[in-house]
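Taking this note's numbering, the leading residue of the sequence shown gets 20, the next gets one more, and so forth.
Think of the CB as a built atom: it goes at the ideal place given N, C-alpha and C, for glycine as much as any other residue.
One structure below.
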Amino acid sequence: MKRLIGLLTILITVLGVACYVAQNLTPPENLHPLGEYYLENSYFGEHSAKSPEAVTSILWDYRGVDTLFETAVFFLAIIGSLTLFRLNKEQAEEAKQGEPKPQLPEPVVVVTKLTVAMILAVSASIALHGQLTPGGGFQGGSALAVAPLLVIAAYTKYALEKNGLDKTRAIIIRSIGLLGIALTALTPLLVSGYIMQNQPIFPAKALGVPLGGSLVLYNLFEYLAVGAGFTAVFLLLSIPEEKFKKFLGVRR
20 MKRLIGLLTI LITVLGVACY VAQNLTPPEN LHPLGEYYLE NSYFGEHSAK
70 SPEAVTSILW DYRGVDTLFE TAVFFLAIIG SLTLFRLNKE QAEEAKQGEP
120 KPQLPEPVVV VTKLTVAMIL AVSASIALHG QLTPGGGFQG GSALAVAPLL
170 VIAAYTKYAL EKNGLDKTRA IIIRSIGLLG IALTALTPLL VSGYIMQNQP
220 IFPAKALGVP LGGSLVLYNL FEYLAVGAGF TAVFLLLSIP EEKFKKFLGV
270 RR
């Protein structure tokens with residue numbers, strides 16, 4: 020009862036503060052000149068990114084080099100994680116030795132399969148429509164990584180590995196994504212443009228659908244790189260503790 024009263028007190032306090040802030044915090048009447056520039060030029064204007072989604076235009080076009088460095092920092096963190104869990108060839112093979120969980124109840128199997136399928140579809144939509152609606156490659160890739168994590172929780176990592184998705188393949192997919200980002204950034208140099216130039220180098224539309232030029236490519240490759248990078252880390256983190264202790268020479 021005391022715990023319930025405490026939770027209600029916290030909830031009422033939070034709601035009260037939120038109502039006070041909502042009533043007293045008024046937005047500015049005029050847009051900041053920089054924000055106005057982005058809104059006017061993301062789809063129309065002389066410096067258009069050919070994308071109605073202003074945030075994606077800012078991230079991968081107007082300040083694309085900054086985003087490229089931020090992406091590099093993230094992937095350096097992934098590389099650091101993989102380095103900490105580095106295994107030799109024999110240890111990597113031994114880590115794969117195991118069996119998925121025995122047959123689970125039918126409702127668990129059905130719900131897991133449906134959820135994984137929906138995650139794959141939604142994550143792809145978030146990434147590939149990032150130039151049209153809020154989202155993008157990083158958000159889509161983060162959502163994509165939930166699918167293998169769900170399979171690991173329901174069936175163990177051995178189910179993924181026996182179906183072909185092991186750490187090595189995840190790293191290969193991640194590398195393809197990184198290579199795609201690099202090639203997209205450097206392609207304009209081949210036609211006398213500058214690095215990460217979007218328009219008029221890349222097509223603005225396909226079949227009447229706005230592509231945002233290079234924006235859709237950046238979103239696609241970052242989607243693959245982020246999803247695969249997280250998956251590789253999850254596969255390493257899900258190695259049973261007993262095997263890790265054996266690899267490290269820890270005595271029981």
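Along the chain, where does the alpha helix (DSSP H) containing Arg193 start, and where does it finish? On the sequence shown, residue 193 is found 174 positions in, with the first residue counted as 1. Per DSSP, Arg193 belongs to the alpha helix (DSSP H) from 186-205.
Report the partner residues of Pro167 according to the DSSP bridge assignment. Taking the sequence shown and counting its residues from 1, the one referred to as residue 167 is at position 148. The partner list for Pro167 (beta bridge, DSSP) is empty, contrary to what the question assumes.
Please state the DSSP three-state secondary structure of Lys176. In the sequence shown, counting from the first residue as 1, residue 176 sits at position 157. In the three-state DSSP reduction, Lys176 falls in the helix class (H, G or I).
List, from N- to C-terminal side, the alpha helix (DSSP H) runs of 4 residues or more that fit wholly inside the stretch 39-119. The qualifying runs are 52-60, 73-76, 83-103, 108-114.
Can you check whether the CB of Ser142 is closer than 8 Å to the CB of Ala172? Here residue 172 refers to the residue found at position 153 of the sequence shown. Here residue 142 refers to the residue found at position 123 of the sequence shown. Ala172 is not a Cβ neighbour of Ser142, given a cutoff of 8 Å.
Simplified DSSP assignment, three categories, for Pro222: Along the sequence shown, read from residue 1 onward, the residue named residue 222 stands at position 203. Of the three classes helix, strand and coil, the one that applies to Pro222 here is coil, per DSSP.
Taking the beta carbon of Asp85 as the centre, do at least 16 other beta carbons fall within 10 Å, making it buried, or is it exposed? On the sequence shown, position 66 is the one that residue 85 refers to. Counting Cβ neighbours within 10 Å, Asp85 comes out exposed, since fewer than 16 surround it.
Report the partner residues of Val228 according to the DSSP bridge assignment. As a position in the sequence shown, residue 228 is number 209, starting the count at 1. DSSP lists Ala225 as partners of Val228.
Reference Val135; option with closest CA among Gly156, Gln216, Gly160, Leu169: Counting from 1 along the sequence shown, the entry for residue 135 is found at position 116. Nearest option by C-alpha distance: Leu169.
According to DSSP, is Gly35 part of a helix, a strand, or is it coil? In the sequence shown, counting from the first residue as 1, residue 35 sits at position 16. The answer is helix: DSSP assigns Gly35 an H, G or I state.
Take the Cβ of Gly248 as the centre, count every other Cβ of all protein chains shown within 10 Å, and call the residue buried at 16 or more, exposed below. Looking up residue 248 in the sequence shown gives position 229. Gly248 is buried by the Cβ-count criterion.
Ala189 and Leu256 - do their beta-carbons sit closer together than 8 Å? What you label residue 256 is simply residue 237 of the sequence shown in a count that begins at 1. What you label residue 189 is simply residue 170 of the sequence shown in a count that begins at 1. Cβ atoms of Leu256 and Ala189: not closer than 8 Å.
Answer yes if the stretch 47-56 comes into contact with the stretch 199-215, meaning at least three C-beta pairs across the two stretches below 8 Å, and no otherwise. Contact between the stretch 199-215 and the stretch 47-56 is absent, because fewer than three Cβ pairs lie under 8 Å.
Which first and last residues belong to the alpha helix (DSSP H) in which Val235 is found? Taking the sequence shown and counting its residues from 1, the one referred to as residue 235 is at position 216. Counting along the chain, the unbroken alpha helix (DSSP H) around Val235 starts and ends at 234-256.
Decide if the stretch 218-237 is in contact with the stretch 98-105; the criterion is three or more beta carbon pairs, one per stretch, under 8 Å apart. Segments in contact, no.
Counting only the same chain and skipping the five closest in sequence on each side, list residues whose C-beta sits under 8 Å from that of Leu205. Reading the sequence shown from its first residue, position 186 is the one you call residue 205. Setting aside the 5 residues that flank it on each side, Leu205 is surrounded in the same chain by Ile214, each with a C-beta closer than 8 Å to its C-beta; the list follows chain order.
Can you find the residues in the same chain that come closer than 6 Å, C-beta to C-beta, to Ala244, ignoring five residues on each side of it along the sequence? Numbered from its first residue, the sequence shown carries residue 244 at position 225. Excluding five sequence positions before and after Ala244, the CB atoms of its chain that fall closer than 6 Å to its own CB belong to Arg193, Gly196, Leu197, given in chain order.
Counting Cβ pairs closer than 8 Å, one from the stretch 57-70 and one from the stretch 125-140, do we hit at least three? As far as the Cβ criterion goes, the stretch 57-70 does not touch the stretch 125-140, which means the pair count is below three.
Rounded to whole angstroms, what's the CA-CA distance from Leu106 to Leu87? Just pull it up for me. By 1-based counting over the sequence shown, the position of residue 106 is 87. By 1-based counting over the sequence shown, the position of residue 87 is 68. Straight-line spacing of the CA atoms in Leu106 and Leu87 works out to 30 Å.
Exposure of Asn49, with buried meaning 16 or more beta-carbon neighbours within 10 Å: Taking the sequence shown and counting its residues from 1, the one referred to as residue 49 is at position 30. Exposed is the call here.
Please work out which residues of its chain come closer than 6 Å, Cβ to Cβ, to Ala166, disregarding the five sequence neighbours upstream and downstream, and give them in chain order. Against the sequence shown, residue 166 aligns to sequence position 147. If the five residues before and after Ala166 are omitted, its C-beta is found closer than 6 Å to the C-beta atoms of Val135, Ile138, Leu139, all from its own chain and listed in chain order.
I need the straight-line Cα distance from Ala41 to Ile29, nearest angstrom please. On the sequence shown, position 22 is the one that residue 41 refers to. On the sequence shown, position 10 is the one that residue 29 refers to. Each residue's Cα considered, the two are about 18 Å apart.
Taking C-beta to C-beta, are Pro153 and Val228 nearer than 8 Å? Walking along the sequence shown from the start, residue 153 turns up at place 134. Walking along the sequence shown from the start, residue 228 turns up at place 209. No, the Cβ-Cβ distance between Pro153 and Val228 is not below 8 Å.
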